[in-house]
Amino acid sequence: DTGVSQNPRHKITKRGQNVTFRCDPISEHNRLYWYRQTLGQGPEFLTYFQNEAQLEKSRLLSDRFSAERPKGSFSTLEIQRTEQGDSAMYLCASSRRNTEAFFGQGTRLTVV
Amino acid sequence: AQSVTQPDIHITVSEGASLELRCNYSYGATPYLFWYVQSPGQGLQLLLKYFSGDTLVQGIKGFEAEFKRSQSSFNLRKPSVHWSDAAEYFCAVGPSAGGSYIPTFGRGTSLIVHP
Chain A
1 DTGVSQNPRH KITKRGQNVT FRCDPISEHN RLYWYRQTLG QGPEFLTYFQ
51 NEAQLEKSRL LSDRFSAERP KGSFSTLEIQ RTEQGDSAMY LCASSRRNTE
101 AFFGQGTRLT VV
Chain B
113 AQSVTQPDIH ITVSEGASLE LRCNYSYGAT PYLFWYVQSP GQGLQLLLKY
163 FSGDTLVQGI KGFEAEFKRS QSSFNLRKPS VHWSDAAEYF CAVGPSAGGS
213 YIPTFGRGTS LIVHP
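Protein chains in written order, with our numbering: chain A, 1 to 112; chain B, 113 to 227.
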């Protein structure tokens, strides 16, 4: 059990550019979650996968955001045409059915 | 919809003093409850969890929490705080069978420890 891995740890991008983050969950965890966390706030839910199926998306996930989990393994979160308001920590978590979620170290995005 | 309230944004304690962080939840079914800790720039680490059974649960680093259904609370406690406990603490509800699959978090309580 190597834990949830997220890459990159930090990303600085210019406004208007596209960025993609990767999450490798704990093997055999069928559930995968993406959260966004801004300073002084708790994690806010973005989207949820069960295996390869994206079952739920938050209203926070505008049409500039897209997430995939091909073959039910790793997941990617892409943000197109980044805005300064997208600056945040993006957290990935995985879990087995109805158990606790394990979090990665997060990807810190700064849009300049 | 499920929700979590952590009424204290900041808590300051002296090293060696006892600690209690408050958490209230709103949930339509039997809740699964969690406490996580986050150090600056890091992800969240699970401290303890409640699924069912004994309402007093023990976690890592000497933390414990008590589930009180009548008060919809799941407060975190530690008898003697160490300087290394300074961090952000998050209470969460879910996922659970019959309820939402999505863990929902409170806004967090920042713990400051004075020497």
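Cβ coordinates follow ideal geometry from the N, Cα and C atoms, glycine included. Just so you know, these numbers come straight off a predicted model, no measurement behind them.
Setting aside the 5 residues that flank it on each side, B:L133 is surrounded in the same chain by L188, Y201, T221, each with a C-beta closer than 6 Å to its C-beta; the list follows chain order. Looking from the CA of A:T13, the closest CA among A:R96, A:Q80, A:L91 belongs to A:Q80.
B:W147 counts as buried, since at least 16 other C-beta atoms from the protein chains shown sit within 10 angstroms of its C-beta. For the region 148-181 of chain B, the set of residues with a beta-carbon nearer than 9 Å to any beta-carbon of chain A comprises Y148, Q150, G153, Q154, G155, L156, Q157, L158, K161, F163, in chain order.
Per DSSP, the unbroken beta strand (DSSP E) holding A:E56 starts and ends at 53-57. Distance from the CA atom of A:E52 to the CA atom of A:S62, rounded to whole angstroms, is 20 Å.
Spanning the alpha carbons of B:K190 and B:K180 requires a straight line of approximately 17 Å. For A:A101, the nearest CB of chain B lies under 7 Å from its own CB, placing it at the interface with that chain. Residue burial annotation: A:Q17 is exposed, with fewer than 16 other C-beta atoms found within 10 angstroms of its C-beta. For the 7 Å CB-CB criterion, A:F74 and A:I26 do not form a contact.
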